[in-house]
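The structure appears below as structure tokens.
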Amino acid sequence: MAKYTRLEVAQVMKETGMVPLFFHSDIELGKMVLKACYDGGARLMEFTSRGDFAFEVFGALNKYALKELPGMVMGVGSVTDAAAASLYMQLGANFIVTPVLREDIAVVCNRRKVLWSPGCGTLTEIAKAEELGCEIVKLFPGDIYGPQFVKGIKGPQPWTSIMPTGGVSPDEANLKGWFDAGVTCVGMGSQLISKDILANRDFDKLEQKVKEALAIIKSVRK
Numbered sequence: 078m079a080k081y082t083r084l085e086v087a088q089v090m091k092e093t094g095m096v097p098l099f100f101h102s103d104i105e106l107g108k109m110v111l112k113a114c115y116d117g118g119a120r121l122m123e124f125t126s127r128g129d130f131a132f133e134v135f136g137a138l139n140k141y142a143l144k145e146l147p148g149m150v151m152g153v154g155s156v157t158d159a160a161a162a163s164l165y166m167q168l169g170a171n172f173i174v175t176p177v178l179r180e181d182i183a184v185v186c187n188r189r190k191v192l193w194s195p196g197c198g199t200l201t202e203i204a205k206a207e208e209l210g211c212e213i214v215k216l217f218p219g220d221i222y223g224p225q226f227v228k229g230i231k232g233p234q235p236w237t238s239i240m241p242t243g244g245v246s247p248d249e250a251n252l253k254g255w256f257d258a259g260v261t262c263v264g265m266g267s268q269l270i271s272k273d274i275l276a277n278r279d280f281d282k283l284e285q286k287v288k289e290a291l292a293i294i295k296s297v298r299k
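Residues 78 to 299 in this note's numbering are what the sequence shown lists, from first letter to last.
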């Protein structure tokens, strides 16, 4: 079961401003990535469900986080149906992120008061997601739409909370553009947890990148 309610998770997303995204089949490598992100100040991790037996890896990583990383909020992304969402919630997922808007996922998550963030690309989709109880909408793919799209959405719907994923990088110009447009937080994958970092197991570099990204977010929000 989830340790945190959807409102608690949404608050952490708003406070920290960043959700790292990551998948790897190696559990021990995953623990090192989690630890580096945590030591860098991240308090959320979206484990993307993109490989065989991904649920087994997530279960192991969530157990590790619960034991060793107090306050780390683990969730799962790339969830495509209600059955998968239910499985991950049984394994303790605190939030569910999807590439598309699916009502069946909304129903099973709402039943357990677990935050779900669907990938949306139009104002109509965003409005529908909010009608279904979505707290924070995922704008996906972010690089296709850009900050101007967020500005456009926030005009008629200033209450909408948006998390772009894709097209987000840890440099100041990119982050300033998104937060100036009004995003609540950003999702960041390979631009943060790069292939080079994983290949070289350079977890000190990852920790530093996370620290720097969070510091930039804090500064551009002022």
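Think of the CB as a built atom: it goes at the ideal place given N, C-alpha and C, for glycine as much as any other residue.
From a predicted model like this one, the values you see are computed outputs, not experimental measurements.
Rank Val-297, Arg-278, Gly-94, Ser-296 by C-alpha distance to the C-alpha of Leu-111 and give the top, closest one.
Checking every option, the nearest Cα to that of Leu-111 belongs to Arg-278.
Is Glu-212 buried or exposed, if buried means 16 or more other CB atoms sit within 10 Å of its CB?
Glu-212 counts as buried, since no fewer than 16 other beta carbons sit within 10 angstroms of its beta carbon.
Opening and closing residue of the alpha helix (DSSP H) in which Ile-173 lies:
Counted as a single uninterrupted DSSP element, the stretch harbouring Ile-173 is not any alpha helix (DSSP H) but the beta strand (DSSP E) occupying residues 172-175.
For Leu-121, which beta-bridge partners are listed by DSSP?
BP columns for Leu-121 point to Val-150.
On the DSSP letters alone, give me the boundaries of the beta strand (DSSP E) that Lys-215 sits inside.
That run of the beta strand (DSSP E) goes 214-216.
Apart from the five residues just before and just after Ala-142, which ones in its own chain have a Cβ nearer than 7 Å to its Cβ?
Taken in chain order, the residues that qualify are Leu-111, Met-149, Met-151.
With DSSP as the reference, please indicate the residues paired to Cys-197 in a beta bridge.
Beta-bridge pairing links Cys-197 to Leu-216.
Which runs of the beta strand (DSSP E) fall wholly inside the region 79-140 and span at least 3 residues, in chain order?
If you keep only unbroken beta strand (DSSP E) runs of at least 3 residues inside the region 79-140, you get 95-99, 121-125.
Nearest residue (CA-CA) to Arg-127, options Tyr-81, Ala-137, Thr-175
Closest option to Arg-127, Cα to Cα, is Thr-175.
Is the CB of Cys-211 under 8 Å away from at least one CB in chain B?
Among the protein chains of the structure shown there is no chain B, as only one such chain exists.
Segment limits, beta strand (DSSP E) that includes Gly-264
Start and end: 263-265.
Whole angstroms is fine: what's the gap from Ser-271's alpha carbon to Asp-181's?
Near 33 Å, if we compare the C-alpha coordinates of Asp-181 and Ser-271.
For Leu-192, the residue or residues it bridges with in DSSP
According to DSSP, Leu-192 bridges with Phe-172.
In its own chain, which residues sit with a C-beta less than 7 Å from the C-beta of Val-185, not counting the 5 before and 5 after it?
Sequence-distant Cβ neighbours of Val-185 in its own chain, meaning closer than 7 Å and more than five residues away, are Ala-159, Ala-162, Ser-163.
Do the region 82-89 and the region 189-201 meet, that is, are 3 or more Cβ pairs less than 8 Å apart?
Counting Cβ pairs under 8 Å, three or more are found: they touch.
Inter-residue spacing [alpha-carbon to alpha-carbon] between Cys-197 and Lys-205
Answer to the nearest angstrom: the Cα atoms are 10 Å apart.
Just curious, the beta strand (DSSP E) that Ile-270 is in, first and last residue?
Premise fails: Ile-270 is in no beta strand (DSSP E) and is neither H nor E.
Please name the residue or residues paired with Met-240 in a DSSP beta bridge.
In the DSSP output, where bridge partners are listed per residue, Met-240 has Lys-215.
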